[in-house]
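Engineer:
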Amino acid sequence: MSAFSPDAVRETGESWSAMRLAAAERFAIAPLPTPDEEIWRYSRIDQLDLDKFSPTTCRTEVELPDGLAETVLLDEEPELFGDETPDVFAELNRAFMTPTFIGVPAGTTVSDPIIVTHHISGDGAAVFPRLIIDSGPNSEVTVVERFVAPAESSADNALVVPVLQVRAQQSARVRYLAVNEVGPNTWQIGNQQARGERDSNTLLATVTLGGDYVRARTGARLTGQGASTQQVALYFAGGSQMHDFRTTQDHDAPNTSSDLLFKGAVQDQAASVYTGLIKIREHATGTTAYQTNRNLTLSEGAWAESVPNLDIETNEVKCSHASTIGPIDEEQRFYLESRGVRPEVAERLVVLGFFEEVIAQLPAGPIADDLRTRVASKLNLGHSQPAEGELV
Amino acid sequence: MSTLEIKGLRAGIAGKEILKGIDLTIKSGEVHALMGPNGAGKSTLSGVVMGKPGYVISAGSVTLDGEDVLAMETWERAAAGLHLIMQYPTEVPGVMLDDVLAEALASRGRPSEQLDELLHDEAARIGFEERFLDRPLNVDLSGGEKKRNETLQMAVLAPKIAILDELDSGLDIDALRDCARRVEAMSNESTAGQEPLGVLAITHYSRLLHELRPDQVHILAQGRIVETGGPDLATTLETDGYSAFAGTDDDSTSSSSSLDDLFSL
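These protein sequence lines are chains V and A, in that order. Here the working numbering is used: position 292 in the first sequence is 655, and no number is missing along the way. Here the working numbering is used: position 198 in the second sequence is 365, and no number is missing along the way.
#1: Is the beta carbon of V/Thr-423 less than 8 Å from the beta carbon of V/Pro-476?
#2: With distances taken Cα to Cα, identify the nearest neighbour of V/Val-372 among V/Val-451, V/Leu-436, V/Leu-455, V/Glu-442.
#3: Alpha carbon to alpha carbon, how far is V/Ser-563 from V/Ser-502?
#4: If I measure Cβ to Cβ from V/Thr-648 and keep anything under 6 Å in the same chain, skipping five residues before and after, which residues do I get?
#5: Closer than 6 Å by C-beta to V/Ala-667: which residues in its own chain qualify, once you throw out the five before and the five after it? Chain order, please.
#6: Counting only runs of 3+ residues fully inside the stretch 493–569 of chain V, write out the beta strand (DSSP E) ranges in chain order.
#7: What residues of chain A sit near V/Glu-693, judged by a beta carbon separation below 8 Å?
#8: Per DSSP, V/Trp-666 forms a beta bridge with which residues?
#9: Based on DSSP bridge pairs, tell me the residues matched to A/Lys-433.
#10: Whether or not the stretch 173–185 of chain A and the stretch 217–225 of chain A are in contact is what I'm after, with contact meaning three or more pairs of Cβ atoms, one per stretch, closer than 8 Å; do they touch?
#11: Is there a C-beta anywhere in chain A that falls below 8 Å from the one on V/Tyr-653?
#12: Closer than 8 Å by beta-carbon distance: list the chain V residues that pair up with A/Leu-324, in chain order.
#13: Roughly how many angstroms lie between the CA atoms of A/Arg-302 and A/Ile-330, to the nearest whole one?
#14: Hey, is A/Ser-354's beta-carbon within less than 8 Å of any beta-carbon in chain V?
#15: So V/Phe-766 contacts chain A; which residues on that side make the cut at Cβ distance below 7 Å?
#16: Starting from V/Val-375, follow the alpha helix (DSSP H) in both directions and report where the run begins and ends.
#17: Could you spell out where the alpha helix (DSSP H) holding V/Tyr-405 opens and where it closes?
#18: Please state if the CB of V/Lys-681 and the CB of V/Thr-651 are separated by a distance shorter than 8 Å.
#19: Going by beta-carbon coordinates alone, are V/Phe-444 and V/Gln-532 separated by less than 8 Å?
#20: Of the residues that make up the stretch 708–739 of chain V, which ones have a beta carbon closer than 8 Å to any beta carbon in chain A?
#21: Per DSSP, V/Gln-588 forms a beta bridge with which residues?
#22: Taking its Cβ as the centre, do 16 or more other Cβ atoms sit within 10 Å of V/Pro-729, making it buried, or is it exposed?
#23: Helix, strand or coil: how does DSSP classify V/Leu-436 here?
#24: Which residues in chain V sit within 8 Å of A/Leu-251, going by Cβ to Cβ distance?
#25: Is it the case that the Cβ atoms of A/Ser-279 and V/Val-704 are separated by a distance below 8 Å?
#26: Please report the Cβ distance between V/Val-511 and V/Thr-480, rounded to the nearest whole angstrom; I am assuming they are in contact, meaning their Cβ atoms lie under 8 Å.
#27: For a contact meaning CB atoms closer than 9 Å, what does V/Pro-690 contact in chain A?
#28: Identify the contact partners of A/Thr-257 in chain V, using a Cβ-Cβ distance below 7 Å as the criterion.
#29: Could you have a look at V/Glu-424 and say whether DSSP puts it in helix, strand or coil?
#30: Using a Cβ-Cβ cutoff of 9 Å, what residues of the stretch 264–287 of chain A are near chain V? List them in chain order.
#31: Okay, do the stretch 195–211 of chain A and the stretch 371–385 of chain A touch, 3+ Cβ pairs below 8 Å being the bar?
#32: Tell me whether the beta-carbon of V/Val-451 lies closer than 8 Å to the beta-carbon of V/Ala-393.
#33: Is A/Ile-180 helix, strand or coil when you go by DSSP?
#34: May I ask you to list the residues that DSSP assigns as paired with V/Ser-621?
#35: Taking the continuous alpha helix (DSSP H) assigned at A/Asp-283, which residues delimit it?
#36: Can you tell me whether V/Phe-599 is helix, strand or coil according to DSSP?
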């Protein structure tokens with residue numbers, strides 16, 4: 364019997380069993396994807412052996428600003444709008460999820476961020492955190508979701524299959540940041556879906572530094588007129604890591620706007636893929652949509668791919684995309700070195716400067732400095748090794 | 168006393184020699200103007216001396232106080248006391264001026280506790296708006312502000328010898344005066360126990376030299392220094408153009424008489 368069968372779901376006795384069982388049954392008859400499918404192109408999905416894993420409850424902590432526990436942490440069915448991007452891993456999540464439901468009442472402003480932390484460890488553990496953010500009309504909330512490897516455990520042959528669902532109701536303002544710092548052997552296959560209703564504003568931000576293979580599929584759908592969404596990401600892969608992103612900006616109402624900025628770097632033998640789609644439906648007139656993906660290749664053996672796509676069904680739109688892949692700019696490096704800055708320091712400054720545009724937009728506040736430090740300490744510079752203690 | 172000595176320097180890009188034997192000696196406190204038409208090799212000379220990638224050196228030597236400059240990495244040349252003010256200062260997004268200067272001082276073994284104060288003093292002296300100190304390097308600065316920024320960095324780093332690669336290009340008259348006067352002052356004063364600055368001012372036009380008084384003027388044409396003289400040489404150039412100094416192997420410019428004719432060389 365597969366560890367992920369409907370019977371396995373029955374044995375857990377968790378809440379929402381009907382929803383879980385139906386999902387497990389759909390998963391049982393669905394084939395696992397292969398890189399032959401366009402949506403999994405370039406991925407390492409053929410290297411995944413599910414038999415090595417068994418479902419485990421995710422260790423999730425939620426830090427709420429004072430006095431909010433009763434108001435926003437809900438015990439409701441963790442599903443906002445079905446599955447907008449049907450995917451066997453989203454089904455698996457539905458069957459075995461460890462849910463967290465944040466509901467922000469209409470007109471409420473939550474000024475401090477809500478921090479949700481998932482501790483990912485245990486050889487053979489498969490965990491399925493599900494985070495639901497439902498922001499009521501004219502409410503405002505910031506949520507930071509962290510995926511971390513606990514310091515006390517080095518067993519990290521784990522599989523994380525997270526699902527995020529965000530609904531920003533009319534005029535709601537939702538800022539979300541995912542920070543991935545899982546262990547070097549952990550696989551993560553995530554699915555993020557956000558829906559923006561009339562005049563809402565959503566920010567979906569991602570920082571990915573950890574993992575062996577980390578994939579994130581992010582879809583932002585604008586269903587109400589005047590809605591806007593922003594997606595930003597910083598990813599930095601080294602060693603033999605692979606970071607793999609699929610994004611969709613789906614304009615399903617008039618006068619909507621989206622802006623996406625993904626910046627990544629790869630070093631050593633690492634790889635990254637960015638594939639993005641701007642979809643503008645026929646009735647989404649007056650729409651603006653921008654998509655920018657920039658990649659730094661810091662080593663000869665590192666590899667990055669960038670695939671922007673447009674699918675536009677109407678004329679009255681402003682739309683553009685840009686993508687670049689290349690090494691550190693020679694002129695920038697020379698400029699800093701001509702001031703007397705050592706090559707490895709110049710390279711560090713240029714790479715951090717490259718990411719600064721994203722870091723400045725993260726709803727991270729206090730953790731931004733920490734992120735800068737982590738990016739700096741990950742840099743494995745191609746020139747002479749820096750003197751001890753030089754890297755922050 | 169510091170000395171930058173360029174001897175018999177031949178260099179260019181792959182397959183094309185641009186500098187065909189350059190001899191120049193610049194000492195502390197001296198201001199040398201190197202003038203020449205487009206394509207004469209002025210920027211190649213500054214790039215080669217500072218170690219910009221892409222140049223091939225086929226002969227000659229460059230030394231700073233006897234040390235082999237060409238054997239050094241770019242940052243070592245700067246740390247040794249050479250400074251280049253670039254014609255087109257590079258924009259470096261996300262990298263802050265003070266971070267760069269702190270690192271630049273660190274590699275020279277100099278403390279940076281006074282950096283902030285020094286930056287504000289120099290900014291006031293050069294007319295560089297304080298708000299620009301908090302910008303990423305050269306990003307969203309006008310041509311004039313970039314050159315003030317270049318001059319400010321040089322003043323903070325206090326090199327022994329500075330090469331100004333067309334400091335005057337893209338400068339309005341106010342910025343030109345502010346930058347040139349700062350360089351002139353550095354070439355006249357000994358600060359912090361250091362010799363006054365030696366300057367090689369590469370320029371296309373003579374207007375920079377109204378503020379920055381050269382001791383010597385050299386004319387570079389077709390990869391060679393074809394004439395060296397006092398300040399009056401720049402005046403001659405202004406009235407007669409470059410054609411008189413185009414070199415013996417060029418017959419096509421014999422009738423030129425104005426400065427604009429240098430574009431035809």
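From the three backbone atoms N, C-alpha and C, an ideal C-beta is built for every residue, glycine too.
Structural biologist: Taking the coordinates as given:
#1: Result no, Cβ atoms of V/Thr-423 and V/Pro-476 do not sit closer than 8 Å.
#2: Sorting V/Val-451, V/Leu-436, V/Leu-455, V/Glu-442 by C-alpha distance to the C-alpha of V/Val-372 places V/Leu-455 at the top.
#3: Straight-line Cα distance between these residues: approximately 10 Å.
#4: Closer than 6 Å at Cβ, skipping near neighbours: Pro-617, Thr-677, Glu-679.
#5: So the list reads Val-629, Ser-635, Asn-658, Thr-660, Ile-688, once near-sequence residues are dropped.
#6: Entirely contained in the stretch 493–569 of chain V, the beta strand (DSSP E) runs reaching 3 residues are, in chain order, 503–511, 526–531, 536–544, 550–559.
#7: Neighbours of V/Glu-693 in chain A, taken as residues at a C-beta separation under 8 Å, are given in chain order as Pro-220.
#8: The partner list for V/Trp-666 (beta bridge, DSSP) reads V/Ala-634.
#9: Residue 433 of chain A lies beyond the stretch modelled for chain A, which goes from 168 to 432, so this question has no answer here.
#10: Taking one beta carbon from each stretch, the stretch 217–225 of chain A and the stretch 173–185 of chain A have 3 or more pairs nearer than 8 Å; the two touch.
#11: Not closer than 8 Å to any Cβ of chain A, the Cβ of V/Tyr-653 fails to qualify, so no.
#12: Against chain V, the beta carbon of A/Leu-324 has neighbours under 8 Å at Arg-702, Gly-703, listed in chain order.
#13: Rounded to whole angstroms, the gap between the alpha carbons of A/Arg-302 and A/Ile-330 is 25 Å.
#14: Chain V contact via Cβ: absent.
#15: The requested residue 766 of chain V does not occur in the structure, where chain V is confined to residues 364 to 755.
#16: Reading off the sequence, residue 375 of chain V comes out as Thr, not Val. Per DSSP, the unbroken alpha helix (DSSP H) holding V/Thr-375 starts and ends at 369–375.
#17: No alpha helix (DSSP H) holds V/Tyr-405; DSSP gives it neither H nor E.
#18: Their beta carbons are under 8 Å apart, which means V/Thr-651 touches V/Lys-681 by this criterion.
#19: Going by C-beta atoms, V/Phe-444 is not nearer than 8 Å to V/Gln-532.
#20: Per Cβ criterion, the list reads Val-708, Ala-709, Leu-712, Val-713, Leu-715, Gly-716, Phe-717, Phe-718, Glu-719, Glu-720.
#21: Beta-bridge analysis with DSSP links V/Gln-588 to no other residue.
#22: Note on V/Pro-729: under 16 other CB atoms within 10 angstroms of its CB, so exposed under the neighbour-count rule.
#23: V/Leu-436: strand per DSSP, three-state reduction.
#24: By Cβ distance, chain V contributes Ser-701.
#25: Remark: C-beta atoms of A/Ser-279 and V/Val-704 do not approach each other more closely than 8 Å.
#26: Approximately 6 Å separates the beta-carbon atoms of V/Val-511 and V/Thr-480; this is inside 8 Å, confirming the contact.
#27: Near V/Pro-690 there are no residues of chain A at all, since even the closest Cβ is about 12 Å away, more than 9 Å.
#28: Within chain V, the residues near A/Thr-257 are Glu-694, Gln-695, Tyr-698.
#29: Three-state DSSP puts V/Glu-424 in a strand.
#30: When C-beta distances to chain V are compared with 9 Å, the residues of the stretch 264–287 of chain A below that value are Asp-266, Val-267, Leu-268, Glu-270, Ala-271, Leu-272, Ala-273, Ser-274, Arg-275, in chain order.
#31: A contact is defined here as three or more CB-CB pairs under 8 Å, and the stretch 195–211 of chain A meets this definition with respect to the stretch 371–385 of chain A.
#32: The beta carbons of V/Val-451 and V/Ala-393 sit closer together than 8 Å.
#33: A/Ile-180 falls in the strand class under three-state DSSP.
#34: The beta-bridge partner set that DSSP reports for V/Ser-621 consists of V/Thr-592, V/Ala-652.
#35: From DSSP, the alpha helix (DSSP H) with A/Asp-283 extends over 282–293.
#36: Three-state result, V/Phe-599: strand.
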